[in-house]
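Written below as C-alpha cells is the structure these notes are about.
Residue numbers (this note's numbering): 22 to 652.
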C-alpha cells in the first residue's frame with residue numbers, strides 16, 4: 022500500500038479507542054503538515070500563521086520517540102510543530118510553538134482472543150470531513166480474520182486533509198533573486214505484512230516511509246528512511262502442547278513445543294477444515310519434522326531451503342551452446358556446437374531434431390515459444406515462427422555470438438564477435454547495425470525490448486535503454502561470458518569467465534559482485550529476477566533463491582555451458598559439453614503423501630494453515646538455522 026503526502030496538508034484525527042489488552046500505536050508521517058491530537062500541548066487546531074507579504078510561512082512538524090517518564094508513563098511519541106521562521110526547511114528548537122504527546126497505553130490483563138490490527142488508506146472526497154478533500158486512514162481489528170480491513174471493522178478513522186488556500190497578503194518589496202532550488206520529492210508510504218518474528222512476535226504490519234528519490238512512484242528499498250510496526254496481539258486461544266516423546270498426532274488449531282533431544286515428529290491433522298492451523302516450535306536440540314497424511318502436501322514457496330531444484334537427464338546428447346524456453350517452460354529449444362538444433366513442446370519429455378550442419382552459437386525465443394531466433398558462428402541468423410517446424414535465414418555470413426528476443430518476438434538483438442550489434446523491430450525482417458565493432462560475446466533483453474545488456478570479451482558491459490539505438494559503457498573491463506535480465510529490465514546479471522557474478526538493480530547504471538570467483542558460463546533468471554541459476558565449466562550449477570544474495574550448488578559437476586529459465590523460475594533447462602540436456606524443476610511443495618515432510622531445528626518455528634485440496638501453506642515462520650528441509 023502506498024500513501025503519497027504533500028505539503029500544506031492538515032491531519033484531523035478521531036479519537037482512537039483500543040481494548041485495554043492492546044497497546045495503542047500511532048504512525049505519524051510528517052511532510053510539512055499541521056497536526057492536532059489529544060495529549061500534551063494545546064487542544065483543537067493550531068492557529069494559522071500570520072499572512073506575510075505575498076507568502077505564508079511553512080509550518081514544520083518534528084516527530085521523535087518519547088521515553089517513559091512524566092509525559093508518557095509507558096513511552097510514546099513526541100510531536101512538535103512551529104513555523105519555519107528561518108526558512109531552512111528544518112524545525113529548530115527555537116521555532117517550536119506547540120508540543121504534543123501520543124502515549125502508549127499500559128498493558129491490561131489478558132483478554133479475549135486477540136485479533137490482528139489492520140490499517141487501510143482511502144481517498145477522502147471533498148466534504149464534511151475534508152473541505153478540500155484528502156485521505157482517510159482507517160484502523161481496526163480483523164474481526165473476521167480475512168486479512169482485509171472492512172468498513173465495519175474500522176474502530177478509528179483519521180483524516181489527512183488538503184489545506185485551503187489562504188488569502189493573499191499585502192505585496193511586499195521585491196527581494197533579490199535567490200539560487201534555483203532543487204525539485205521537491207514526494208513522500209511515499211508502504212504497508213506490508215510483517216511475519217511473526219523479532220519485530221512482531223505474532224505478526225502484524227510493517228509501515229515504511231521515505232522520499233521518492235528516483236521519482237518512479239514506488240518506495241524502493243534504498244528510499245526507506247523510517248520503519249514502524251503495527252503488531253498483532255498474542256492469540257489468547259492457542260493451546261500449546263509440550264511434546265517430549267518421539268511423535269504426536271496434531272489436532273487443528275493447536276501449538277506444539279518440540280521439547281526433546283531427538284527429532285519430534287508432528288503429523289498434520291487428518292481431517293482439517295479450511296482455515297485450520299497448527300504451530301510448531303523447536304525447543305529441544307532435536308528439532309522437529311512435520312509428517313503428512315495421504316493426499317497432503319506443504320507449500321514451500323517462500324520458505325528458506327524450500328525451493329531446491331531436482332535435475333533429470335534428457336535424451337539428446339551434444340556440446341550445448343544455447344538453451345531457451347517459453348515463459349511457461351513448455352516449449353524449449355537447444356543448440357549444439359556439433360551442428361544440431363532441437364525443440365521440445367512438452368517440457369523436455371520428447372525432443373525433435375530440427376536443423377543440422379550449423380555451428381550454432383546462441384538461441385532465443387518469444388514468451389510463447391513460437392518465434393525462435395538462432396545464431397551461427399560464421400553463418401546466418403535463422404528464424405522460425407511456428408515453434409521450430411519451419412525455418413528461414415537472413416543470408417548473412419557473420420561471426421554471430423549471441424541473440425536475445427523481446428517477449429512478443431518482435432524486437433530482436435544479435436551480437437557479432439569483433440563486429441557490431443544488430444537490432445530488428447519487425448521480427449527479423451530487417452536489421453540495423455548499432456554501436457562499434459567490439460568482441461561482443463553475450464546479450465539479453467527486457468520483456469519489451471527496451472533495456473538491453475551486452476557483454477564483451479575483455480572490455481566493459483554495455484547497456485541500452487532505448488531499444489539498442491544508443492549504448493553506454495558500464496562496470497569494469499572483464500572477460501564477460503553471459504548475461505540475463507528481469508522482465509522489466511531493472512535487475513540485470515552478468516557472469517565473468519574466471520571471475521564473479523555481477524548484478525545491477527538500477528537498469529545497469531551500477532553493478533556489484535554477488536558471487537565468488539569461478540569459471541562462470543551461462544546464467545538465467547526468473548522474470549522478477551529473484552530465482553537465478555548459473556553454470557560453471559568443470560563445476561556444478563549454482564542457484565540462488567533470493568536474487569543473488571546467497572548461492573548453493575545444484576546438479577552434478579561437469580562442463581556446464583548454458584541454462585534457461587521459465588518466467589516463474591520453477592522450470593529450468595541446462596546443457597553441458599558432450600553430455601545430455603538436463604531438465605530442472607524447482608520444488609514448490611513437499612512430496613505429496615506420507616513420503617513428504619518438512620523439518621526444522623531448535624529455535625525454528627512455523628505456522629501452517631490448511632487452504633484446501635490437501636495443501637497446507639506457511640503463514641509465518643522463524644528460521645534460526647538458515648533453512649528448512651523439505652522432502
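Glycine included, each C-beta is placed from N, C-alpha and C at the ideal position.
- Per DSSP, the continuous beta strand (DSSP E) segment holding residue 261 begins and ends at 260-264.
- About 6 Å separates the CB atoms of residue 295 and residue 631; that is less than 8 Å, so the two are in contact.
- Apart from the 5 residues on each side of it in sequence, residue 518 sits with its Cβ closer than 7 Å to the Cβ of 500, 502, 540 and 541 in its chain, given in chain order.
- Under a 10 Å Cβ-count criterion, residue 128 is classified as exposed, with fewer than 16 other Cβ atoms of the shown protein chains found around its own Cβ.
- Straight through space, the alpha carbons of residue 112 and residue 143 are spaced by roughly 29 Å.
- The Cβ atoms of residue 119 and residue 102 sit closer than 8 Å to each other.
- Secondary structure note for residue 104: its beta strand (DSSP E) is the uninterrupted segment 97-104.
- Out of 625, 238 and 639, the CA that lies nearest to the CA of residue 304 is found in 625.
- According to DSSP, residue pairing for residue 119 in a beta bridge involves 102.
- By the C-beta density criterion, residue 634 is exposed, having fewer than 16 other C-beta atoms within 10 angstroms.
- From the listed residues 408, 387 and 400, the smallest Cα separation to residue 365 is found for 408.
- With 16 or more neighbouring CB atoms inside 10 Å of its own CB, residue 170 falls in the buried class.
- Around the beta carbon of residue 290, a 10 Å sphere encloses 16 or more other beta carbons of the protein chains shown; the residue is thus reported as buried.
- Straight-line measurement puts the Cα of residue 288 at about 31 Å from the Cα of residue 226.
- A direct Cα-to-Cα measurement between residue 600 and residue 586 gives close to 19 Å.
- Taking C-alpha positions only, residue 579 is separated from residue 413 by approximately 34 Å.
- In the DSSP assignment, the residues bridged to residue 637 are 319 and 631.
- For residue 567, there is no enclosing beta strand (DSSP E), as DSSP marks it with neither H nor E.
- Secondary structure at residue 449: coil, using DSSP grouped into helix, strand and coil.
- Membership of residue 301 in the beta strand (DSSP E) is indicated by the continuous run 298-303.
- In this structure, the CA atom of residue 360 is about 18 Å from the CA atom of residue 335.
- Per DSSP, residue 391 lies in no beta strand (DSSP E) segment and is marked neither H nor E.
- Assignment of beta-bridge partners to residue 422 by DSSP yields no partner.
- The three-state secondary structure of residue 540, taken from DSSP, is strand.
- Residue burial annotation: residue 547 is buried, with at least 16 other C-beta atoms found within 10 angstroms of its C-beta.
- Between residue 205 and residue 182, the C-beta spacing is not below 8 Å.
- In the DSSP assignment, no residue is bridged to residue 552.
- With respect to the C-alpha of residue 536, the residue from 516, 526, 552 and 98 having the closest C-alpha is 516.
- Each residue's CA atom was taken as its position, placing residue 560 and residue 575 some 10 Å apart.
- Pairwise C-beta distances place the segment 457-471 in contact with the segment 432-443, as three or more of them are shorter than 8 Å.
- Between residue 298 and residue 532, the alpha-carbon positions lie close to 43 Å from each other.
- The C-alpha of residue 594 is placed about 6 Å away from the C-alpha of residue 584.
- Between the alpha carbons of residue 163 and residue 229 lies a distance of about 21 Å.
- Residue 100 is classed as buried because its beta carbon has at least 16 other beta carbons within 10 Å across all chains shown.
- The C-beta of residue 651 has 16 or more other C-beta atoms within 10 Å across all chains shown, which makes the residue buried.
- A Cβ-Cβ distance of about 5 Å is found for the pair residue 362 and residue 375, placing them in contact under the 8 Å criterion.
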